[in-house]
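Mapping to our numbering: the sequence shown position 149 is 182, numbers consecutive.
Backbone N, C-alpha and C fix where the C-beta goes; we use that ideal spot for every residue, glycine too.
Just so we're clear, the structure is a prediction, and the values are computed from it rather than from any experiment.
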Amino acid sequence: MKISNEVTNLFKIEYPIIQAGMVWVSGWKLASAVSNNGGLGLIGAGSMKPELLREHIRKCRNTTDKPFGVNIPLLRSDAEDLVNVTIKENVKIVFTSAGHPGKFIDILKKNNIIVVHVVPSLKFAKKAESVGCDAIVGEGVEAGGHNGADEITTFCLIPELVDLLSIPVIAAGGIADGRGILAALALGAEGVQIGTRFAATVESSAHPNYKKMLVETKENDTVLILKKIGLARVIKNQFSNSAAQLESSGASNKDLLHLLDKKREKLGIFEGDLENGMIEAGQSVGQIDKILTVNELFMKLITEFNNSFQNLKNEVH
């Protein structure tokens, strides 16, 4: 896998593979390991207070001399504080999500920071491009965690974004092996963002119970819930059943938010409560059969990509 394109050049990385900035999963150990293996590691600030983010940035910098970034959900009440910490710590790559991409774009660009926004549709992609983002992540509804209300799949979303945007497109959602990377590039993406597969690595900061569940879960064991307050893909359990029952009974947004008000993501992903926690995972979870180190995963992804590419070349005349 020798790829030189807009994404590898933009981030100064060897492979166009970005590790998603997942809450309670993407700490400095995971981010630095991904960067050290030639991809782009992201620290997931969505589950961190500003001081904890600062600690993770500094530890990441002490363990890699390669580029890494920070993912910041813009709907967080302390998003501005997270942005300020990122700027003060001289991080030069920021991925934003869950909010208006223009909210902090001026101050980020003033500090020479590359800004990438995660979008679920063409409408939001055009908005990100119009405010000055350097690239976008087009995330299909196959992805774990929070998704777009229109439920557009990766295979449909990426070609449309590629055709109608002038900035690089990174594909996300349902990508867990080298064949998926090749397919995304064939659709016109310049890179991929992978979440669930990186969650099931040794360096992931998630609880061992959560990682074990990812290995045991099949492709039909995830479900979309909380459509009224913010669509999310999770593994089916007692919590997801409660959420589905509440929604089907016509519960108010207030009642649904109350259900979430027990730090459900932390409970499931970080503390390992597999029944009462919110166990976020994408549909690609069915492809995970082993917890690997990041180095082992990169070797696997590259081998699969090269083999798939060679097989395709042999079949096309």
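- For R266, the enclosing beta strand (DSSP E) starts and ends at 265-268.
- Of all alpha-carbon atoms in D322, S237, K35, K156, the one lying nearest the alpha-carbon of G60 is that of S237.
- Excluding five sequence positions before and after A112, the CB atoms of its chain that fall closer than 8 Å to its own CB belong to I105, P106, G132, K136, F137, given in chain order.
- Looking only at S37, V195, I191, W57, the smallest Cα-Cα distance to A233 is reached by W57.
- By the 16-neighbour rule on beta-carbons within 10 angstroms, K251 is exposed.
- The continuous alpha helix (DSSP H) containing G211 extends over residues 211-219.
- Looking at the DSSP output, I138 bridges to nothing.
- The three-state secondary structure of P201, taken from DSSP, is coil.
- Sequence-distant partners of Q320 (beyond 5 residues in either direction) whose C-beta falls short of 7 Å from its own C-beta, in its chain, are A209, D210.
- For the pair V127 and G165, the CB atoms are not nearer than the 8 Å cut-off.
- If you draw a straight line from the Cα of F272 to the Cα of L257, it comes to about 12 Å.
- A distance of 8 Å or more separates the beta carbons of L215 and I169.
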